[in-house]
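*Asks:*
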Amino acid sequence: MLLGYGAFVAIPVGVTALVLASVGYSGPAGHAPADSGAVPLYRILGVLALVTACAAWAGAMARRIGQPRVVGEIAVALLLGPSVFGALLPDVQRWVLPPEVFPFLNTLGQLGVTLFMFTVGRELSLTALRRDGLSASALIGHSGIAIPFLTGVLVALALPDTYRPDGVGAVPFVLFMGLTLSITAVPVLARLLADEGRLNTRLGTLAMASASVADVTAWCLLALVLAVASGGSPTAAAVTVGWVVFFGLVVWCVVRPLLVRLLGTRRPGGPMAAARTASIVLVTVLLCALATEQIGVHALFGAVAAGLVMPRTQAVEQIAWRVEGLTSWMLLPSFFMAVGLSTRLGAVHGAIGWLICLALLAAAATSKFVATMVPARLLRFSWRESAQLGAMMNCRGLTELIILNTGLAAGLFSPALFAMLVVMALATTAMTGPLLRLMDD
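The following block contains the structure:
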């Protein structure tokens, strides 16, 4: 053994040492020129670890006080952004969250939003919507879109011109404001109702069905509004809408049957089968998102479409569950932090600015509440049930933030208006649970 070790290990090591000694020492190794714009990996990893840990802690704290996790995650992102941490300790905040890391967080967050919208699409049941037809859920869902949308349009017309960025047309600005007041977050509402033990009740089932109707309508409206905003002219907007319709037909008539053939009968198998299923699912989501991004109506619309047509098999469910875990615990916190870093509450100047913010919050909450409660009352629900339904439909959550971030990226919001709408999204989501419990008494 020793002889063999000496022959095959010690002798080669010794010869290598002699060769290196004969070459001589020529100083430290040279380095390739570094990209001056590159962010060191350790900074990215450190920020990502901080963001993930803070989001997990804040989400857990929110759950302890009866709030959805998303409320805590949004709140901690606002605290770490320029509105609080950056205002109190600007130098420390820039060191902890260096500005050069922001593009990376934003990109990672956009990927998280794309995958999250795929899960939203999967939670929207077209079969249930077709079955409901013009039933209670359709009436409440569409009323919960139409009246807040009108309210948002009127609010936009009443706002001072300083809240509309230069170069933004009145029509896309007004339409997007209407859309921001119309949103109900289906995933957040589902988790809140499940935590409250209301998901499978008569009222909870109606709320989820109505929210699904409203969500499908809202995404169609978003595509239309983005087409108008990006088109620049009625003709260009009509062309964009035409491409959206063509995309929808291709997804429904071509992609859906193909996915049924590839995944419709697939059961969970070994690692190779799971890898094949995962690749088909992810490639479909990314290509659909790419298509709508190129059309000009944002990648999230394609991700929702992919979720709608994806087969509901056990194999796909397992892949979607894994995707949702990574998205919820790491990618979406990056999105929240990107939103927090973009939100400057200091842009809301003086008492007048905060009065406008409160008026916007009141308009959003009241319009959604009335738009849901009155139709429910006409459908012979009690006053208490109708009011609780109105509180449920006011849950805007993450979906609202996604819409707002899309509008900010399109240049449709001023920093002050964006900050006001983020406050509105956080407040209306946070009030849902307490209002429901208050009405139980």
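Going letter by letter, the sequence shown gives residues 1 to 441 in full-length UniProt numbering.
Even glycine gets a Cβ: it sits at the ideal position worked out from N, Cα and C.
It should be emphasised that the depicted structure is a prediction, and the values quoted were computed from it without experimental measurement.
#1: Using a Cβ-Cβ cut-off of 6 Å (strictly less than) and excluding sequence neighbours within five positions of Met117, which residues of its own chain qualify?
#2: Identify, in the order they occur along the chain, each residue of the same chain with its Cβ nearer than 6 Å to the Cβ of Ile402, setting aside the five sequence neighbours on each side.
#3: So, are the CB atoms of residue 443 and Ser210 less than 9 Å apart?
#4: Distance check for Trp243 and Ala58, CA to CA, integer angstroms please.
#5: Answer yes if the stretch 374-389 comes into contact with the stretch 162-176, meaning at least three C-beta pairs across the two stretches below 8 Å, and no otherwise.
#6: Taking the alpha helix (DSSP H) that His142 belongs to, which residues open and close that run?
#7: Measuring CA to CA, which of Leu206, Ala365, Leu308 is closest to Val255?
#8: I need the boundaries of the alpha helix (DSSP H) containing Ile44, first residue and last residue.
#9: When DSSP labels each residue in this structure, what does Cys220 get in the three-state scheme?
#10: With 16 as the cutoff for other CB atoms within 10 Å, does residue 463 come out buried or exposed?
#11: Compute the Euclidean distance between the alpha carbons of residue 504 and Ala190, then round it to the nearest angstrom.
#12: Below 9 Å between beta carbons: does that hold for Trp329 and Ala56?
#13: For Leu157, tell me which candidate among Leu262, Leu226, Met373, Met177 has the shortest Cα-Cα distance.
#14: Nearest to Val279 by alpha carbon, out of Ile295, Val323, Ala364, His298?
#15: Nearest CA to the CA of Ala419: which residue from Pro234, Ala53, Pro82?
#16: Which residue spans inside the stretch 226-252 form an unbroken alpha helix (DSSP H) run of at least 4?
#17: Check Ser414 in the structure and name its three-state DSSP category.
#18: In angstroms, rounded to a whole number, what distance separates the CA positions of Pro257 and Ser414?
#19: So, helix, strand or coil for Met431, using DSSP?
#20: With DSSP run on the structure shown, which of helix, strand or coil describes Asn405?
#21: Terminal residues of the continuous alpha helix (DSSP H) containing Ile295?
#22: Less than 9 Å between CB atoms is the rule here; does Leu412 satisfy it with respect to chain C?
#23: By alpha-carbon positions, which one of Leu438, Leu408, Thr429, Met393 ends up nearest to Gly204?
#24: On the three-state DSSP scale, how would you describe Ile356?
#25: If contact is defined by three or more beta carbon pairs under 8 Å, each pair taking one atom from either stretch, is the stretch 359-370 in contact with the stretch 416-436?
#26: Residue range of the alpha helix (DSSP H) that Met106 falls in?
#27: Going by Cα to Cα distance, which pick from Ala409, Gly397, Pro234 is closest to Phe298?
#28: Express the C-alpha separation of Leu331 and Leu192 in angstroms, rounding to a whole number.
#29: Using a Cβ-Cβ cut-off of 7 Å (strictly less than) and excluding sequence neighbours within five positions of Ile295, which residues of its own chain qualify?
#30: Check Gly133 in the structure and name its three-state DSSP category.
#31: Could you have a look at Val348 and say whether DSSP puts it in helix, strand or coil?
#32: Return helix, strand or coil for Gln67, following the three-state DSSP convention.
*Replies:* To lay it out plainly:
#1: Here residue 117 refers to the residue found at position 117 when the sequence shown is read from its first residue. Closer than 6 Å at Cβ, skipping near neighbours: Leu300, Ala303, Val304.
#2: In the sequence shown, the residue the question calls residue 402 occupies position 402. Within the same chain, and ignoring the five residues on either side of Ile402 in sequence, the residues whose Cβ sits closer than 6 Å to its Cβ are Val113.
#3: This structure leaves residue 443 out entirely; the chain is present only between 1 and 441.
#4: Taking the sequence shown and counting its residues from 1, the one referred to as residue 58 is at position 58. Taking the sequence shown and counting its residues from 1, the one referred to as residue 243 is at position 243. Each residue's alpha carbon lies about 41 Å from the other.
#5: Touching, no, given that fewer than three Cβ pairs across the two stretches are closer than 8 Å.
#6: By one-based count along the sequence shown, residue 142 stands at place 142. From DSSP, the alpha helix (DSSP H) with His142 extends over 136-158.
#7: The residue you call residue 255 lines up with position 255 of the sequence shown. Closest option to Val255, Cα to Cα, is Leu308.
#8: Translated into positions along the sequence shown, residue 44 becomes position 44. In the DSSP assignment, Ile44 falls within the unbroken alpha helix (DSSP H) covering 41-64.
#9: The residue labelled residue 220 in the question sits at position 220 within the sequence shown. DSSP, read as helix, strand or coil, puts Cys220 in helix.
#10: There is no way to answer for residue 463, as the model of the chain reaches only from 1 to 441.
#11: Residue 504 lies beyond the residue range present for the chain, which begins at 1 and ends at 441; the question has no answer from this structure.
#12: Here residue 329 refers to the residue found at position 329 when the sequence shown is read from its first residue. Here residue 56 refers to the residue found at position 56 when the sequence shown is read from its first residue. Result yes, Cβ atoms of Trp329 and Ala56 sit closer than 9 Å.
#13: Position 157 of the sequence shown, counting from 1, holds the residue named residue 157. Ranking the options by Cα distance to Leu157, first place goes to Met177.
#14: Start at 1 with the first residue of the sequence shown, and residue 279 comes out as number 279. Rather than Val, the amino acid found at residue 279 in this sequence is Ser. Residue Val323 is the option with its Cα nearest to Ser279.
#15: Counted from its first residue, the sequence shown places residue 419 at position 419. The shortest Cα separation from Ala419 among Pro234, Ala53, Pro82 belongs to Pro82.
#16: Unbroken alpha helix (DSSP H) stretches of 4 residues or longer found wholly inside the stretch 226-252: 234-250, given in chain order.
#17: Position 414 of the sequence shown holds residue 414. Ser414: coil per DSSP, three-state reduction.
#18: Counting from one through the sequence shown, the residue named residue 257 turns up at place 257. Counting from one through the sequence shown, the residue named residue 414 turns up at place 414. Distance between the alpha carbons of Pro257 and Ser414 is about 43 Å.
#19: Looking up residue 431 in the sequence shown gives position 431. Met431 falls in the coil class under three-state DSSP.
#20: By 1-based counting over the sequence shown, the position of residue 405 is 405. Note: Asn405 maps to helix in three-state DSSP.
#21: Numbered from 1 along the sequence shown, position 295 holds the residue referred to as residue 295. That run of the alpha helix (DSSP H) goes 271-295.
#22: Reference to chain C is not applicable here, since this structure consists of a single protein chain.
#23: If you number the sequence shown from 1, residue 204 lands on position 204. Each of Leu438, Leu408, Thr429, Met393 was checked against the Cα of Gly204, and the nearest Cα belongs to Met393.
#24: For this step, residue 356 is matched to residue 356 along the sequence shown. In the structure shown, the three-state DSSP call for Ile356 is helix.
#25: Yes: the two stretches touch, three or more of their Cβ pairs being nearer than 8 Å.
#26: For this step, residue 106 is matched to residue 106 along the sequence shown. It should be pointed out that residue 106 corresponds to Asn in this sequence rather than to Met. Counting along the chain, Asn106 sits inside the alpha helix (DSSP H) bounded by residues 102-123.
#27: Position 298 of the sequence shown, counting from 1, holds the residue named residue 298. Note that residue 298 is His in the sequence shown, not Phe. Residue Ala409 is the option with its Cα nearest to His298.
#28: Against the sequence shown, residue 192 aligns to sequence position 192. Against the sequence shown, residue 331 aligns to sequence position 331. In this model, Leu192 and Leu331 are separated by some 21 Å (Cα to Cα).
#29: Position 295 of the sequence shown, counted from the start, is the residue given in the question as residue 295. Excluding sequence positions up to five before and after Ile295, its CB lies within less than 7 Å of the CB of Thr240, Trp243, Val244, Phe247, all in the same chain and listed in chain order.
#30: Position 133 of the sequence shown holds residue 133. For Gly133, the pLDDT reaches just 46, beneath the cut-off of 50, and the residue's location in the model is therefore unreliable, leaving the point undetermined.
#31: Counting from 1 along the sequence shown, the entry for residue 348 is found at position 348. Val348: coil per DSSP, three-state reduction.
#32: Working through the sequence shown from its first residue, we reach residue 67 at position 67. Three-state DSSP puts Gln67 in coil, outside helix and strand.
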